[in-house]
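Q: Handing you this structure, nothing more for now.
Protein chains: 2
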Amino acid sequence: MKTCAPSSMVETLRWREGRLELIDQRVLPARVEFVACATADETARAIRDMVVRGAPAIGCAAAYGIALEAARLKNATPGEFSAGLGRAFDALAGSRPTAVNLFWALERMRDVIKASSAAARPADIAARLLDEAHRIAAADVAANRAMGGHGAALLADGMRVLTHCNAGALATAGHGTALGVIRSAVAAGKRISVIAGETRPFLQGARLTAWELTRDGIPVTLIADSMSGHLMSRGEIDAVIVGADRVAANGDVANKIGTYMIAVLARRHRIPFYVAAPLSTIDPRIACGDAIPIEERGAAEVRGHAGLEWAPAGVAVRNPAFDVTPAELVTALITEMGVMREPDRGRIAALFKPVNRDS
Amino acid sequence: MKTCAPSSMVETLRWREGRLELIDQRVLPARVEFVACATADETARAIRDMVVRGAPAIGCAAAYGIALEAARLKNATPGEFSAGLGRAFDALAGSRPTAVNLFWALERMRDVIKASSAAARPADIAARLLDEAHRIAAADVAANRAMGGHGAALLADGMRVLTHCNAGALATAGHGTALGVIRSAVAAGKRISVIAGETRPFLQGARLTAWELTRDGIPVTLIADSMSGHLMSRGEIDAVIVGADRVAANGDVANKIGTYMIAVLARRHRIPFYVAAPLSTIDPRIACGDAIPIEERGAAEVRGHAGLEWAPAGVAVRNPAFDVTPAELVTALITEMGVMREPDRGRIAALFKPVNRDS
Numbered sequence: 002m003k004t005c006a007p008s009s010m011v012e013t014l015r016w017r018e019g020r021l022e023l024i025d026q027r028v029l030p031a032r033v034e035f036v037a038c039a040t041a042d043e044t045a046r047a048i049r050d051m052v053v054r055g056a057p058a059i060g061c062a063a064a065y066g067i068a069l070e071a072a073r074l075k076n077a078t079p080g081e082f083s084a085g086l087g088r089a090f091d092a093l094a095g096s097r098p099t100a101v102n103l104f105w106a107l108e109r110m111r112d113v114i115k116a117s118s119a120a121a122r123p124a125d126i127a128a129r130l131l132d133e134a135h136r137i138a139a140a141d142v143a144a145n146r147a148m149g150g151h152g153a154a155l156l157a158d159g160m161r162v163l164t165h166c167n168a169g170a171l172a173t174a175g176h177g178t179a180l181g182v183i184r185s186a187v188a189a190g191k192r193i194s195v196i197a198g199e200t201r202p203f204l205q206g207a208r209l210t211a212w213e214l215t216r217d218g219i220p221v222t223l224i225a226d227s228m229s230g231h232l233m234s235r236g237e238i239d240a241v242i243v244g245a246d247r248v249a250a251n252g253d254v255a256n257k258i259g260t261y262m263i264a265v266l267a268r269r270h271r272i273p274f275y276v277a278a279p280l281s282t283i284d285p286r287i288a289c290g291d292a293i294p295i296e297e298r299g300a301a302e303v304r305g306h307a308g309l310e311w312a313p314a315g316v317a318v319r320n321p322a323f324d325v326t327p328a329e330l331v332t333a334l335i336t337e338m339g340v341m342r343e344p345d346r347g348r349i350a351a352l353f354k355p356v357n358r359d360s
Numbered sequence: 002m003k004t005c006a007p008s009s010m011v012e013t014l015r016w017r018e019g020r021l022e023l024i025d026q027r028v029l030p031a032r033v034e035f036v037a038c039a040t041a042d043e044t045a046r047a048i049r050d051m052v053v054r055g056a057p058a059i060g061c062a063a064a065y066g067i068a069l070e071a072a073r074l075k076n077a078t079p080g081e082f083s084a085g086l087g088r089a090f091d092a093l094a095g096s097r098p099t100a101v102n103l104f105w106a107l108e109r110m111r112d113v114i115k116a117s118s119a120a121a122r123p124a125d126i127a128a129r130l131l132d133e134a135h136r137i138a139a140a141d142v143a144a145n146r147a148m149g150g151h152g153a154a155l156l157a158d159g160m161r162v163l164t165h166c167n168a169g170a171l172a173t174a175g176h177g178t179a180l181g182v183i184r185s186a187v188a189a190g191k192r193i194s195v196i197a198g199e200t201r202p203f204l205q206g207a208r209l210t211a212w213e214l215t216r217d218g219i220p221v222t223l224i225a226d227s228m229s230g231h232l233m234s235r236g237e238i239d240a241v242i243v244g245a246d247r248v249a250a251n252g253d254v255a256n257k258i259g260t261y262m263i264a265v266l267a268r269r270h271r272i273p274f275y276v277a278a279p280l281s282t283i284d285p286r287i288a289c290g291d292a293i294p295i296e297e298r299g300a301a302e303v304r305g306h307a308g309l310e311w312a313p314a315g316v317a318v319r320n321p322a323f324d325v326t327p328a329e330l331v332t333a334l335i336t337e338m339g340v341m342r343e344p345d346r347g348r349i350a351a352l353f354k355p356v357n358r359d360s
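Which chain is which? The protein sequence lines are D and H, in order.
The opening residue of the first sequence carries number 2 in our numbering; numbering runs sequentially from there.
The opening residue of the second sequence carries number 2 in our numbering; numbering runs sequentially from there.
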């Protein structure tokens, strides 16, 4: 057995007996159940149906989806292997459009295949693909811990920090991005209390963030998404920290729907607005936020929750899953490289220079 | 049988066989049921439990609550009658704190008692109190129709109008305040489509506004409360119109939690933000919004809905039911007297001068 995260932590993804097991985020916190994926198609379906969600976790799951498919085809002919993997890449790339980590992880997996010699046997490539998936997951945890260390310096003892959606261990391979910063600040001895927006329609805040933080003993207060402006106006929020699904080259941030409204209110009330995102979430190929594809999900999520529908049957619905916060509203972007104040095109380009990632 | 609204309309309140019947707004739209109140205590409980909600409707219900109690005590001695009514006023005044229409209606009922001669029999006073309750309800519908006429001029053909909570027939004795303006614009031949925020936690938008508008054949699209900023940023909202629970003397508006966030976003995107409220919602005794009492409701509403709890058991919750939008963010206040652009202390004071209401 090989797990992707220390066993004391939330196991968002784990590798067991040749299968990818995902904690089922649709039924938390009522039930802690795992969904096992044995193929790329099953993994793509788990991503689409939000068994697993959160940009970094989606990236890790997609990498394992390729590894699963490669293992399944390891005794096929090279031609069958290549065709099967091609279909797997397509299925996973089509699962969700906004989080760029998905495409980033698939590209890393493609690079492994490209780097293999033409004579390599499918079984050898499959082994290398599984190693790469494990490396991606381990690197994600490491990036989150680094982000936590950098970002914790931004949070002072006693702060009341608003977060939105779930950018925690459940959104990553472990520790979390935004919640990772909070965890690291708490580990450093700071008393931080968290205000969690419930995050309709999927209720990641109410179900996942509240559950994660309660388990860790970090004080958390749940609010409806419409309440953060009121709390800001009454001086009850000291900082905002959120994750991201894709950061454009100019620093615009696509994140869970509702993030933009919080950012606008934070600016009005002079409250710092921080985004915690690893480099794998930054998409230097997208010039600005307007160009980021925004997923629209089905009507049922907005008409109710978990099978209970409270809206009139058949009422029209809009369900954009993400919005774009312009870079000018972001006080600082926290990555594994450090804290970037006032993110902009130049500062973000500089992040990628040392490794010459785009060449 | 005497009803408070034409039978073709939603019957938010109706007077039947000496009892007040309230459409149960906790179970709409799944079920259309009425709760009958025979006493002031039952009416106060219906207000507190949100069987009836919406500032004008609460005011009407409170007036009927006094009429019910007076009818119940009409054969009592004058001393018992007076003491019983005193308890009824206290019970109703303690039911909900923010909507000022409640206190306004109770004051009108008190004025009827004060205007009765010392020798008046309880039965005569009870009859006059019921007449006054009917007058308050009829005047509310008339005010809404007047507001509708004035406000409709602000909405152009083809506009996509965002509203929050339910400021419709269900929030009033009929026609509605914000939705009354939309109804009047549609009646005048304008094609208006409505975007309704679901309004967590009580879901007045998803359950009540969507139901009312669907019944009327007015196109309505339901969104989560966190989505309005995104739609504004994409140019998909042309105007905002909401009701109010209390307007302070300077024009600050207490309304359903989330209104303030919408107003801030509307200003950022240069979208007009209209408030429709009858004079009975304006409280000239409260200098500014900061002094308006904001009700905090119980945790269960935020932890889930209608008995389904999705948050971790026992998680801490904040549940302010209202917020305050500063007057500077209000493009116009629509009352039965007309459209007041840029409401401020002077313009609001002028509204009350002709009738010398404060003397």
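Virtual Cβ for every residue (Gly too), placed ideally from N, Cα, C.
The structure displayed is predicted, hence computed values, not measured ones.
#1: Give a yes or no on whether 8 angstroms exceeds the smallest Cβ distance from glycine 169 (chain H) to chain C.
#2: Name, please, each residue of chain H whose Cβ falls closer than 8 angstroms to the Cβ of isoleucine 258 (chain D).
#3: Could you check the C-alpha separation between isoleucine 242 (chain H) and arginine 49 (chain H) for me, to the nearest Å?
#4: Of all the residues that make up the segment 199 to 210 of chain D, which are near chain H by a beta-carbon distance shorter than 8 angstroms?
#5: Take alanine 225 (chain D) and list the residues in its own chain whose beta-carbon comes closer than 7 angstroms to its own, dropping the five residues that flank it on each side.
#6: Going by beta-carbon coordinates alone, are glycine 230 (chain H) and aspartate 324 (chain D) separated by less than 8 angstroms?
#7: Report yes or no: do the segment 115 to 134 of chain D and the segment 148 to 159 of chain D share at least 3 C-beta pairs separated by less than 8 angstroms?
#8: What number of angstroms, rounded off, separates the C-alpha of arginine 73 (chain D) from the C-alpha of lysine 115 (chain D)?
#9: With distances taken between CB atoms, is the gap from methionine 262 (chain D) to methionine 338 (chain H) smaller than 8 angstroms?
#10: Looking at the strands, I want to know which residues DSSP matches up with leucine 334 (chain H).
#11: Are arginine 208 (chain D) and tryptophan 311 (chain H) touching if we call contact CB-CB under 8 angstroms?
#12: According to DSSP, is alanine 128 (chain H) helix, strand or coil?
#13: At what residue ranges does the segment 224 to 257 of chain H contain a whole run of the beta strand (DSSP E), taking only runs of 3 or more?
#14: So within the segment 123 to 187 of chain H, which uninterrupted beta strand (DSSP E) runs reach at least 3 residues, ignoring any that extend past its ends?
#15: Which residues of chain D have a Cβ atom closer than 8 angstroms to the Cβ of arginine 319 (chain H), listed in chain order?
#16: Please list the partners that alanine 312 (chain D) has in chain H, where partner means a Cβ-to-Cβ separation under 7 angstroms.
#17: Do you know how far the Cα of arginine 32 (chain D) is from the Cα of threonine 13 (chain D)?
#18: In whole angstroms, what separates the C-alpha of phenylalanine 447 (chain D) from that of arginine 54 (chain D)?
#19: In or out: asparagine 102 (chain H) buried (at least 16 other Cβ within 10 Å) or exposed?
#20: Which value, in whole angstroms, describes the spacing of the CA atoms of valine 303 (chain H) and lysine 75 (chain H)?
#21: For proline 321 (chain D), does the three-state DSSP call read helix, strand or coil?
#22: CB-CB under 7 angstroms to asparagine 161 (chain H), same chain, minus the five flanking residues each way: which ones, in chain order?
#23: Mind pulling the chain H residues with CB within less than 7 angstroms of proline 30 (chain D)?
#24: DSSP three-state label for tryptophan 212 (chain D), please.
#25: Are the beta-carbon atoms of arginine 184 (chain H) and aspartate 217 (chain H) separated by less than 8 angstroms?
#26: On the criterion of 16 or more Cβ atoms from any shown chain inside 10 Å, does glycine 169 (chain H) qualify as buried, or is it exposed?
#27: Give a yes or no on contact between the segment 253 to 269 of chain D and the segment 60 to 72 of chain D, applying the rule of three or more CB pairs nearer than 8 angstroms.
#28: At what residues does the beta strand (DSSP E) containing phenylalanine 35 (chain D) begin and finish?
#29: Which residues in chain D have a C-beta closer than 8 angstroms to the C-beta of alanine 307 (chain H)? List them in chain order.
#30: Helix, strand or coil for glycine 85 (chain H) per DSSP?
#31: Can you list the residues of chain H that threonine 215 (chain D) reaches, using a CB-CB cut of under 8 angstroms?
#32: At least one CB of chain H closer than 8 angstroms to the CB of methionine 262 (chain D): is that the case?
#33: Starting from the C-beta of alanine 350 (chain D), find all residues in its chain whose C-beta is less than 8 angstroms away, skip the five residues before and the five after it, and write them out in chain order.
#34: Could you name the residues of chain H that leucine 180 (chain D) contacts, counting a contact when the two beta carbons are closer than 8 angstroms?
#35: What would DSSP say about threonine 222 (chain H), mapped onto helix, strand or coil?
#36: Our contact map puts leucine 93 (chain D) next to alanine 41 (chain D) with C-beta atoms below 8 angstroms; I'd like the distance itself, whole angstroms only.
A: Result, derived from the coordinates:
#1: Chain labels in this structure do not include chain C; the protein chains are D and H.
#2: Residues of chain H whose Cβ lies closer than 8 angstroms to the Cβ of isoleucine 258 (chain D) are, in chain order, Ala225, Ser227, Met228, His231.
#3: Each residue's Cα considered, the two are about 26 angstroms apart.
#4: Of all residues in the segment 199 to 210 of chain D, only Glu199, Thr200, Arg201, Pro202, Leu204, Ala207, Arg208 come within less than 8 angstroms of chain H when Cβ atoms are compared, listed by chain position.
#5: Contacts found: Glu199.
#6: In contact: glycine 230 (chain H) and aspartate 324 (chain D) (Cβ atoms closer than 8 angstroms).
#7: With the cut-off at 8 angstroms, the segment 115 to 134 of chain D and the segment 148 to 159 of chain D do not touch.
#8: The alpha-carbon atoms of arginine 73 (chain D) and lysine 115 (chain D) are separated by roughly 19 angstroms.
#9: Annotated as distal: methionine 262 (chain D) and methionine 338 (chain H), with beta-carbon spacing of 8 angstroms or more.
#10: For leucine 334 (chain H), which the question treats as bridged, DSSP gives the partners H:Val276, H:Met341.
#11: Result yes, Cβ atoms of arginine 208 (chain D) and tryptophan 311 (chain H) sit closer than 8 angstroms.
#12: Judged by DSSP in its simplified three-state form, alanine 128 (chain H) adopts helix.
#13: Here the runs fully enclosed are 240 to 243, 247 to 249, 254 to 257.
#14: Within the segment 123 to 187 of chain H, the runs of beta strand (DSSP E) that reach at least 3 residues and sit entirely inside it are, in chain order, 161 to 164.
#15: For a Cβ distance threshold of 8 angstroms, residue set Ile196, Thr222, Leu223, Ile224, Met228, Leu232 of chain D lies close to arginine 319 (chain H), ordered along the chain.
#16: Near alanine 312 (chain D) (Cβ distances below 7 angstroms), the residues of chain H are Ala207, Arg208, Ala211, Leu223.
#17: Between threonine 13 (chain D) and arginine 32 (chain D), the C-alpha separation is close to 14 angstroms.
#18: This structure leaves residue 447 (chain D) out entirely; chain D is present only between 2 and 360.
#19: Flag for asparagine 102 (chain H) reads buried.
#20: Roughly 43 angstroms separates the two Cα atoms.
#21: Correct three-state label for proline 321 (chain D): strand.
#22: For the sequence presented, residue 161 (chain H) should be read as arginine rather than asparagine. Closer than 7 angstroms at the Cβ level, and outside the excluded window around arginine 161 (chain H), lie Ser194, Ile196, Glu237, Ile238, Asp239.
#23: Going along chain H in sequence order, the residues near proline 30 (chain D) (Cβ under 7 angstroms) are Pro313.
#24: Helix.
#25: Yes.
#26: When all chains shown are included, glycine 169 (chain H) counts as buried.
#27: Verdict: no, contact absent.
#28: Looking at the DSSP string, the run of the beta strand (DSSP E) that includes phenylalanine 35 (chain D) is 35 to 38.
#29: The answer, in chain order, is Leu309, Trp311.
#30: Reduced to three states, the DSSP call for glycine 85 (chain H) is helix.
#31: Chain H residues near threonine 215 (chain D): Pro313, Val316.
#32: Yes - at least one Cβ of chain H is within 8 angstroms of the one on methionine 262 (chain D).
#33: Taking alanine 350 (chain D) as the centre and dropping the five residues before and after it, the same chain places the C-beta of Ala250, Pro285 closer than 8 angstroms to its C-beta, in chain order.
#34: Those do not exist, as leucine 180 (chain D) stays about 15 angstroms from chain H at its closest Cβ, beyond 8 angstroms.
#35: Residue state for threonine 222 (chain H) is assigned as strand, using DSSP reduced to three classes.
#36: Here leucine 93 (chain D) really is in contact with alanine 41 (chain D); their C-beta atoms are around 6 angstroms apart, less than 8 angstroms.
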